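To start, the structure under review is shown below, and the notes come after it.
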Amino acid sequence: MKKENGESMMDRIREAIRDVPDFPKPGIIFKDITPLLASPEAFGDVIDILEQRYTGKGISKIVAIESRGFLFGAALADRLKIGMVPVRKPGKLPYRKIRHEYKLEYGSDAVEIHEDAVLRGEKVVIIDDLLATGGTAAAAISLVQELGGVVMEAAFVIELAFLNGRAKLSPVQVFSVLEYD
Ligand code: AMP
């Protein structure tokens, strides 16, 4: 995809993501999306791509994962003129909710969703900023499915393909704007 100035849209998005080595702990290269958010062109490109992909597909909710998923999910839901549902870390949601726990390398974590947030049979797209091992997104998929929702796709701005998180989400289809090998 080319923009008017000849610069490729994908290059512009890639250039707006900053690698921060050893954050939050040694050995992790953190993909910092704050320069992307600060660039109206690059941020707009990402939302354009997602909007084009999901327009006219009968999707009625964007389910966004705390916390950076909210930033993309809210913008996308507004473009598509559909609702946005937050999936949050334990203890954050105020109303009646269900929880799904998942294993981390050491210990476990959990995510929650309001029990009335997705209706039975409703088609949703799940969104987060980044797909790493897939544990978080897999838990979000389980929550939506437990409520009877249909997950059409899981979408990410960034996919760390070498971690093969995609396999953990199968058979749910995965879309990522940018892949890192
Ligand atoms: P995972 O459950 O392993 O797929 O991890 C995904 C979650 O952790 C996402 O919400 C990401 O925001 C965050 N995350 C994991 N690895 C990174 C990374 N290298 N850079 C930025 N965020 C990350």
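Take the sequence shown: its position 119, counting from 1, is numbered 118 in numbering that gives the first Met the number 0, and each next residue is one higher. Backbone N, C-alpha and C fix where the C-beta goes; we use that ideal spot for every residue, glycine too. Here the structure is a predicted model, which is why all the values come from computation and not from measurement.
> Buried or exposed: which applies to P85, given that a residue is buried once 16 or more other Cβ atoms fall within 10 Å of its Cβ?
Replying inline: Locating residue 85 in the sequence shown gives position 86, where the first residue counts as 1. The residue in question, P85, is buried, as its Cβ has 16 or more Cβ neighbours within 10 Å.
> Which of the three DSSP states, helix, strand or coil, is assigned to S169?
Replying inline: Translated into positions along the sequence shown, residue 169 becomes position 170. Looking at S169 - three-state DSSP - the assignment turns out to be coil, as it is neither helix nor strand.
>> What residue range does the alpha helix (DSSP H) around G43 cover?
In response: Position 44 of the sequence shown, counting from 1, holds the residue named residue 43. Its alpha helix (DSSP H) spans residues 39 to 53.
> For L162, which of E145, A131, A116 has the nearest alpha-carbon?
Replying inline: Counted from its first residue, the sequence shown places residue 162 at position 163. Nearest C-alpha to L162 among E145, A131, A116: A131.
>> Is T132 near ligand 1 - that is, is its Cβ less than 7 Å away from at least one heavy atom of it?
In response: Within the sequence shown, the letter at position 133 stands for residue 132. Checking the Cβ of T132 against ligand 1 gives yes.
> Between G134 and the rest of its own chain, which residues show a CB-CB distance below 6 Å, the 5 nearest in sequence each way excluded?
Replying inline: For the purposes of this step, residue 134 is identified with residue 135 of the sequence shown, where counting begins at 1. Excluding positions up to five away in sequence, the list reads Y101.
>> Give me, in chain order, the residues of the same chain whose beta-carbon lies closer than 6 Å to that of L92; leave out the 5 immediate sequence neighbours on both sides.
In response: Numbered from 1 along the sequence shown, position 93 holds the residue referred to as residue 92. Counting only Cβ-Cβ distances below 6 Å, and skipping sequence neighbours, we find E111, H113.
>> Residues in the same chain with beta-carbon distance under 6 Å from V19, minus the five sequence neighbours each way, listed in chain order, please.
In response: Stepping through the sequence shown from its first residue, residue 19 is reached at position 20. Non-local beta-carbon contacts of V19 in its own chain, meaning distances under 6 Å to residues more than five positions away in sequence, involve F29, D31 in chain order.
> Could you give the residue range of the beta strand (DSSP E) that holds I28?
Replying inline: As a working note, residue 28 is residue 29 in the sequence shown. For I28, the enclosing beta strand (DSSP E) begins and ends at 28 to 31.
>> Spatial neighbours of A139 within its chain, please: C-beta separation below 7 Å, excluding the five flanking residues on both sides.
In response: Stepping through the sequence shown from its first residue, residue 139 is reached at position 140. These residues qualify, in order along the chain: V62, I64, V86, V110, I125.
> For F22, does the three-state DSSP call read helix, strand or coil?
Replying inline: Working through the sequence shown from its first residue, we reach residue 22 at position 23. Under the three-state reduction of DSSP output, F22 falls in the coil class, being neither helix nor strand.
> What number of angstroms, rounded off, separates the C-alpha of S175 from the C-alpha of A154?
Replying inline: Locating residue 175 in the sequence shown gives position 176, counting from the first residue. Locating residue 154 in the sequence shown gives position 155, counting from the first residue. Between the alpha carbons of S175 and A154 lies a gap of roughly 6 Å.
>> Rounded to whole angstroms, what is the Cα-Cα separation between A196 and S7?
In response: Any property of residue 196 remains undetermined from this structure, which presents the chain solely from 0 to 180.
> On the premise that I58 lies in contact with L35, defined as a C-beta separation below 8 Å, what is that separation, rounded to the nearest angstrom?
Replying inline: Position 36 of the sequence shown, counted from the start, is the residue given in the question as residue 35. Position 59 of the sequence shown, counted from the start, is the residue given in the question as residue 58. With 8 Å as the limit, L35 and I58 do not qualify as a contact, their Cβ atoms being about 23 Å apart.
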